[in-house]
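Have a look at the structure below before the remarks.
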Amino acid sequence: MKATPLILTAFRTPEALADLYLADWDLLLRQARRGGLLSSLHALLAERGLLDKVPEQPRRHLDWSHAVFERHALAVQWEVTQIRRALEQTGIPVILLKGAAYVMSGLPTARGRIFSDIDILVPKETVNQVEAALMMQGWATTHHDAYDQHYYRTWMHELPPMQHVRRMTVLDVHHAILPETAAIHPDSAKLIKAATKLTQPGDLAVLAPADMVLHAACHLFHEGELDNGLRDLLDIDSLLRHFGATPSFWHDLTGRAAELELTRPLFYALRYAARLLQTPLPQATTAGLAGPNAALLALMDMLYTRALLPDHPSCSDHLSAIARQLLYLRANWLRMPPVLLARHLFHKAFLSPDKLRESDFEKMRANEAEGRTISRKFRK
Amino acid sequence: MNVAALPLAELECRLNQNGLWLRTGPFVSRIQTTIRSVAADISLLYADYPLEDFGAEAHAFADFHIQIAQPTNLRRWFKPQAMFLFDGASPFKPLPLDQAFPLLEWGLNWCVSAHANDLLIIHAAVIEKNGFAAILPAPPGSGKSTLCAALVQRGWRLLTDELALVRLTDGRLIPLPRPVSLKNQSIDILRDYAPAAVFSRPVSDTLKGTVAHMQPPCNSVARAQEAASAAWVIFPKYQADATTRLEPVSQSRTFMRIADNSFNYSLLGTRGFDTLTKLVGSCLCYDFTYSNLDEAVALFNSLPTDNIPK
Amino acid sequence: MNFNPTSSQAFMLSGSFMPMLEAHREWRIADSLHFSCWGDEYVVYHALSGDTHLIGKAAAHILMALQQAVTDTQSLSRSLAAMMGVRSSTEFMLEMHRILSDLNKLSLIEHR
Numbered sequence: 001m002k003a004t005p006l007i008l009t010a011f012r013t014p015e016a017l018a019d020l021y022l023a024d025w026d027l028l029l030r031q032a033r034r035g036g037l038l039s040s041l042h043a044l045l046a047e048r049g050l051l052d053k054v055p056e057q058p059r060r061h062l063d064w065s066h067a068v069f070e071r072h073a074l075a076v077q078w079e080v081t082q083i084r085r086a087l088e089q090t091g092i093p094v095i096l097l098k099g100a101a102y103v104m105s106g107l108p109t110a111r112g113r114i115f116s117d118i119d120i121l122v123p124k125e126t127v128n129q130v131e132a133a134l135m136m137q138g139w140a141t142t143h144h145d146a147y148d149q150h151y152y153r154t155w156m157h158e159l160p161p162m163q164h165v166r167r168m169t170v171l172d173v174h175h176a177i178l179p180e181t182a183a184i185h186p187d188s189a190k191l192i193k194a195a196t197k198l199t200q201p202g203d204l205a206v207l208a209p210a211d212m213v214l215h216a217a218c219h220l221f222h223e224g225e226l227d228n229g230l231r232d233l234l235d236i237d238s239l240l241r242h243f244g245a246t247p248s249f250w251h252d253l254t255g256r257a258a259e260l261e262l263t264r265p266l267f268y269a270l271r272y273a274a275r276l277l278q279t280p281l282p283q284a285t286t287a288g289l290a291g292p293n294a295a296l297l298a299l300m301d302m303l304y305t306r307a308l309l310p311d312h313p314s315c316s317d318h319l320s321a322i323a324r325q326l327l328y329l330r331a332n333w334l335r336m337p338p339v340l341l342a343r344h345l346f347h348k349a350f351l352s353p354d355k356l357r358e359s360d361f362e363k364m365r366a367n368e369a370e371g372r373t374i375s376r377k378f379r380k
Numbered sequence: 001m002n003v004a005a006l007p008l009a010e011l012e013c014r015l016n017q018n019g020l021w022l023r024t025g026p027f028v029s030r031i032q033t034t035i036r037s038v039a040a041d042i043s044l045l046y047a048d049y050p051l052e053d054f055g056a057e058a059h060a061f062a063d064f065h066i067q068i069a070q071p072t073n074l075r076r077w078f079k080p081q082a083m084f085l086f087d088g089a090s091p092f093k094p095l096p097l098d099q100a101f102p103l104l105e106w107g108l109n110w111c112v113s114a115h116a117n118d119l120l121i122i123h124a125a126v127i128e129k130n131g132f133a134a135i136l137p138a139p140p141g142s143g144k145s146t147l148c149a150a151l152v153q154r155g156w157r158l159l160t161d162e163l164a165l166v167r168l169t170d171g172r173l174i175p176l177p178r179p180v181s182l183k184n185q186s187i188d189i190l191r192d193y194a195p196a197a198v199f200s201r202p203v204s205d206t207l208k209g210t211v212a213h214m215q216p217p218c219n220s221v222a223r224a225q226e227a228a229s230a231a232w233v234i235f236p237k238y239q240a241d242a243t244t245r246l247e248p249v250s251q252s253r254t255f256m257r258i259a260d261n262s263f264n265y266s267l268l269g270t271r272g273f274d275t276l277t278k279l280v281g282s283c284l285c286y287d288f289t290y291s292n293l294d295e296a297v298a299l300f301n302s303l304p305t306d307n308i309p310k
Numbered sequence: 001m002n003f004n005p006t007s008s009q010a011f012m013l014s015g016s017f018m019p020m021l022e023a024h025r026e027w028r029i030a031d032s033l034h035f036s037c038w039g040d041e042y043v044v045y046h047a048l049s050g051d052t053h054l055i056g057k058a059a060a061h062i063l064m065a066l067q068q069a070v071t072d073t074q075s076l077s078r079s080l081a082a083m084m085g086v087r088s089s090t091e092f093m094l095e096m097h098r099i100l101s102d103l104n105k106l107s108l109i110e111h112r
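Those protein sequences? They're chains A, B and C, same order as listed. So for the first sequence, the numbering used here puts the first residue at 1; every next one is plus one. So for the second sequence, the numbering used here puts the first residue at 1; every next one is plus one. So for the third sequence, the numbering used here puts the first residue at 1; every next one is plus one.
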């Protein structure tokens, strides 16, 4: 392993950036851009009053990303307003998840955070009604391929992503936080019951603090593609620092983890947040969480301390690529029983063209003309 | 030091190793490639451009880290390709190797249009004379580049052929002079029109047909740090056999058309709106139809300057 | 998240027929609207949706009136008719409803 990557130094001790040479800034910006963290870095430096100490050239890049973030934050609020309007007549409780939840509940986690899709959680029995109500207001399903439809509707914990025909925004409608096929099934009814209503009008809610952390952990440590791994870990770090100020939070967190069968993802989340980002954790909390056996833990450390870093040559060593591959396989294994896995990987490998590659400069230009294409129009 | 000061062997060596740290307008790009045709075209078309000298390695900073590379797959044996890498990542698909230099040019445009959000970026050419700049926004096929190339061969200063950069803080136009991209018949038209102009070797079968790049005037490159004020917005349209025609367009419609031709108007939100409002409000706006370059240039030389709104 | 393209077709949208009964329903203007005006044409930017629209004098007059206060359809009609120097006919009312419906669809105004 190389010396601590600059990107970790930046988020652990932003004050230390005052000593950087321009060439270090150059590298830091590249690592941050690859991890989708430029605007988060801007937000952190702004919060600590350090922006004015950044030399002119890198400062310009941070300001560029801040402009993207500012527009993004407004667009998220507008999109959430549209979703609320589309669903308010149904009377169905709608819970915002992840990025949109951080934005709408005004959490510090939202500062500088850019994300591609909006995710909501609704009771499983209402999924069809929700889909119909959204379609009435211009959202359409994105996966028309019969296999994809079947895959989502039978095995997944969400509808195929829906895209708004005019705004081109993507919405994921979930009825659970893990796929039906996964070995563990956190009870959605419990999550919905404990959810916190937002203060503005409408029926929107967000997960309770402990559940919000558990969902972030569960998402990150069941996720196969860790392109935004460090960003997701920073979410966890930020949520823990924010909610952790309330004394009862840590007790709730471990108790809730046991209740929802999410002790293991929580264990990993706390371990790697502390290791990579030096998140302060109460000793009683970490001591009370059971991890895997020593051999497995050593392996997981080897994998995650690499794969959670931005996929940039300056953050990688000879094991980084294999670490990413192994964690991809692990994530798929956790999500599905082996027979289904073989079938799914077969489909992914041979039947789904890599649609993202169909772009060319002209198409990119067309997208740029509509504003920055932050949404992934096609899911792999 | 300018690119011209490097012998071709030294230029290739830099491109192969630590890269060529090239300044274009307000940006520094670090370019790396092992493809020799790209080196040759850079040497030809970027001869007058300054290289960044940082003194010590610790002070080196590039806005964009760019590589034109050959993919290392089987295809390279029977159908060689070139791909554009932005700090190692590939934002768009590879093209045939022959198109490596146009790919670099498109890639450099993408770097600016996808990032530089302290500027309102419009898909337009900008030229200037006597302190008055004209913005020529246009979709491909309108003859914008042909007209722009002709004007800069007749004494107008080139600010940009593709990306008009409007500074958000004061609405001034920031130059980004780069080689002018010409397509299909325009290449021969310009060769006839300006026999002394320098062109890259035409590359056929690109997405845009045959493409060649024209070296920007040395004086325009030398004045790349000199901002200009917009006086006119002119939507050019080449139409075979048409008489030269200049027709006023309302400012509100000009606003909408520029917004449609902007890369980051939406992203900039209220600042984009305010900047465009001021820009359009300070310009005379026209639709311009032409078929004859001499007439077009004569008309540009007689554009009104006394009633430009403040 | 993707940002909205600009819309230059503010009034190409087909207005749906709104019943006359709604004369007393009140309208309010959307938050965060910005205007630029040249002659009889206005460019409106809606900062929340990110949409930009080109609108004519009549629609602009309605938005300006709503910027002063929440107003019902009937009062808006009277004010617009006076501005345009026409009498409030059935045809005029239909046109009025069409404009209001379009502005509503564009999220520039909404029912209180």
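Cβ coordinates follow ideal geometry from the N, Cα and C atoms, glycine included. Keep in mind it's a predicted model, so treat the numbers as computed, not measured.
Residue i versus the options, residue with shortest Cα-Cα distance
i: A/Thr-254; options: A/Ala-189, A/Thr-286, A/Asp-172, A/Arg-166; result: A/Thr-286
i: A/Leu-276; options: A/Met-156, A/Leu-308, A/Ser-188, A/Gln-129; result: A/Leu-308
i: C/Gly-50; options: B/Phe-199, B/Asn-264, B/Val-112, B/Pro-195; result: B/Asn-264
i: B/Ile-31; options: B/Ala-56, B/Phe-61, B/Thr-305, B/Ala-5; result: B/Phe-61
Spatial distance of residue i from residue j (CA atoms)
i: A/Ala-298; j: A/Gly-291; result: 11 Å
i: A/Asn-332; j: A/Leu-226; result: 13 Å
i: C/His-111; j: C/Gly-39; result: 29 Å
i: C/Ala-47; j: A/Val-76; result: 12 Å
i: A/Pro-353; j: A/Tyr-147; result: Any reading at A/Pro-353 is ruled out, since the residue's pLDDT is 39, under 50, leaving its predicted position unreliable.
i: A/Ser-116; j: A/Leu-37; result: 13 Å
i: B/Pro-137; j: B/Asn-130; result: 21 Å
i: B/Asn-261; j: B/Leu-276; result: 12 Å
i: B/Ser-200; j: A/Met-300; result: 54 Å
i: A/Ala-294; j: A/Val-130; result: 45 Å
i: C/Met-12; j: C/His-53; result: For C/Met-12, the pLDDT reaches just 32, beneath the cut-off of 50, and the residue's location in the model is therefore unreliable, although a value from the coordinates is still provided. C/Met-12 and C/His-53: Cα-Cα distance of roughly 11 Å.
i: B/Ser-302; j: B/Ala-114; result: 36 Å
i: B/Cys-13; j: A/Cys-218; result: 50 Å
i: A/Tyr-272; j: A/Gly-229; result: 11 Å
i: B/Val-211; j: B/Gly-143; result: 14 Å
i: A/Lys-190; j: B/Leu-173; result: 58 Å
i: B/Ala-40; j: B/Met-256; result: 41 Å
i: B/Tyr-238; j: B/Phe-273; result: 29 Å
i: A/Leu-260; j: A/His-185; result: 8 Å
i: B/Asn-307; j: B/Thr-289; result: 22 Å
i: B/Leu-15; j: B/Leu-207; result: 26 Å
Beta-carbon gap between residue i and residue j smaller than 8 Å
i: B/Pro-91; j: B/Trp-110; result: yes
i: B/His-213; j: B/Ser-181; result: yes
i: B/Leu-218; j: B/Thr-254; result: Note on residue identity: the sequence assigns Cys, not Leu, to residue 218 of chain B. No, they are not a contact pair.
i: A/Val-165; j: A/Ala-132; result: no
i: A/Asp-203; j: A/Glu-88; result: yes
i: A/Leu-214; j: A/Leu-171; result: no
i: B/Val-198; j: B/Leu-44; result: yes
Buried/exposed call for residue i, threshold 16 Cβ in 10 Å
i: A/Ala-284; result: exposed
i: B/Ile-66; result: buried
i: A/Pro-310; result: buried
i: A/Asp-26; result: buried
i: A/His-61; result: buried
i: A/Ile-322; result: exposed
i: A/Gly-371; result: Confidence in A/Gly-371 is poor, its pLDDT being 32 and thus under 50, which makes the residue's placement too unreliable to answer from.
i: B/Glu-36; result: Sequence inspection shows Arg at residue 36 of chain B; the Glu mentioned does not correspond to that position. Per the 10 Å Cβ criterion, exposed.
i: B/Pro-195; result: exposed
Amino acids of chain D, ordered along the chain, whose beta-carbon sits closer than 8 Å to that of residue i
i: A/Leu-74; result: Looking at the structure shown, chain D is missing, and the protein chains on hand are A, B and C.
Residue ranges of each beta strand (DSSP E) within the stretch 117 to 151 of chain A, 3 or longer: Every unbroken stretch of the beta strand (DSSP E) spanning 3 or more residues and falling wholly within the stretch 117 to 151 of chain A is given here in chain order: 118 to 121, 139 to 141.
At what residue ranges does the stretch 151 to 230 of chain A contain a whole run of the alpha helix (DSSP H), taking only runs of 4 or more? Counting whole runs of 4 or more residues, the stretch 151 to 230 of chain A contains the alpha helix (DSSP H) stretches 188 to 194, 209 to 220.
Which ranges would you report for the beta strand (DSSP E) in the stretch 69 to 154 of chain B if only whole runs of at least 3 residues count? Counting only runs of 3 or more, we get 81 to 86, 119 to 129, 132 to 137.
For a minimum of 4 consecutive residues, which ranges assigned as the alpha helix (DSSP H) are wholly contained in the stretch 255 to 284 of chain A? Listed in chain order, they are 263 to 277.
Start-end ranges of the alpha helix (DSSP H) lying completely within the stretch 211 to 250 of chain B, minimum 4 residues: Fully enclosed alpha helix (DSSP H) runs of 4 or longer: 218 to 222.
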